[in-house]
Every structure is written in structure tokens, then in C-alpha cells.
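Participant:
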Amino acid sequence: MATIQEASDIDWSRWQPNMRATLLFIRRGEEVLLMRKKRGLGAGKINAPGGKIEPGESPEECAIRETQEELCITASHLAYMGENRFQFSDGLAIQCYVFLSEQFEGIPTETEEADPKWTKIEAIPYQEMWEDDQYWLPQILAGQTFLGCYFFKGDRLVWKDLQFDQ
């Protein structure tokens, strides 16, 4: 992966990911199911379940599988809310499909990968999450769809472009 020094070095019209992934936010009334990630990219941060899309797997199938693996629950009736395109200065480029669901079976359970916690929407701990989340997560929880492009140096957001559907 080639390193990228500045956001201006990225041609988003020709941008290609080297990883495709998902995030699935599960809402229960005025709460959302979040988790503290224990390993991998973003370890220690609060996020939603999700992960890398496997060959032959659809984004929806990935979101359901990753939620089963990380939190021991099975989500259904996923709503596609948008897409994040993350470019990191070290060359990592992730296309991330974001889903929202209000239906699931099982009890969220801690695993080797994650520690789940129901969180009041007005108390989401953005300071413990990836920096971009504060810009789009409130909107998807309010029903808006979006496209976001971001440039990170390490885990620091240095540039963003967000577009929301009306």
C-alpha cells in the first residue's frame, strides 16, 4: 500500500478500496447497541459491530455474520443507511457500508472481540469513537442516508466530505 501525505493527493472520483467492510447499528427505542472493540483496527474504541466482507458475501450478509460473531445476536430487516470511504495515510482504503436495524434475536453478549453496551442516543460517547462518527451517526439514527469520504493520519481525522440525502 502506498502512503498518502495529504487529502489533496486523493482523487475520490477514481478512488478504489483495498478492503470492503460493514457497520450495523441496532436501535432499541431511544438506545443504540454499541461495543468496545477488543482487537484489530480500532481496538479500544467504541463502535458498532461489523467487519470485513468475505469473498462471495453481500454487505448485508457480512453485517449479520459479524454481529453474530461479535455480540452473539442475529439482526434482521437491515436498512442501508449509507457508505463511508476511509483513506488512511498508510495506504489502507476501506469502503464501509452502514446499516441500521431495530430487529434482532438473542441477548448481546461479550465475546473475545467486543464488549456490548446499550447506550442512550443522547449519551453516545463520541470522544471514545472514531472521530468521523460524530458527523454522520446522529443523522442515520434520525433516518437520513449519506455518503462520507474521509482522510485519516493514524486515527486522526484530517479531512472529510459528507453528503446527506434529503
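If you number the sequence shown the way my numbering does, the last residue is 181 and the count never jumps.
Beta carbons: idealized from backbone N, C-alpha and C, even for Gly.
(1) By alpha-carbon positions, which one of Arg54, Arg80, Leu38 ends up nearest to Ile109?
(2) Going by the beta-carbon positions, is the gap between Leu86 and Pro140 smaller than 7 Å?
(3) Determine the direct distance from the alpha carbon of Glu117 to that of Glu46, and round the result to whole angstroms.
(4) Suppose the cutoff is 8 Å on Cβ atoms and the five residues either side in sequence are ignored; what does the same chain contact list for Leu156 look like?
(5) For a minimum of 3 consecutive residues, which ranges assigned as the beta strand (DSSP E) are wholly contained in the segment 33-112?
(6) Might you give, ordered along the chain, the residues of its own chain that have their beta carbon closer than 6 Å to the beta carbon of Ile25, omitting 5 neighbours on each side?
(7) With a Cβ-Cβ cutoff of 7 Å, do Pro70 and Tyr112 count as a contact?
(8) Please state the DSSP three-state secondary structure of Pro188.
(9) Tell whether a beta-carbon distance below 7 Å holds between Leu162 and Gln178.
(10) Only counting the same chain, and skipping five residues up and downstream in sequence, which positions put a Cβ closer than 6 Å to that of Glu120?
(11) Using a Cβ-Cβ cut-off of 7 Å (strictly less than) and excluding sequence neighbours within five positions of Glu143, which residues of its own chain qualify?
(12) From which residue to which residue does the alpha helix (DSSP H) around Trp151 run?
Facilitator: From the atom records:
(1) Leu38
(2) no
(3) 10 Å
(4) Phe40, Arg42, Val47, Leu115, Ile136
(5) 34-43, 46-52, 89-91, 94-103
(6) Gln102
(7) no
(8) This structure leaves residue 188 out entirely; the chain is present only between 16 and 181.
(9) yes
(10) Thr89
(11) Lys60, Ile61
(12) 148-156
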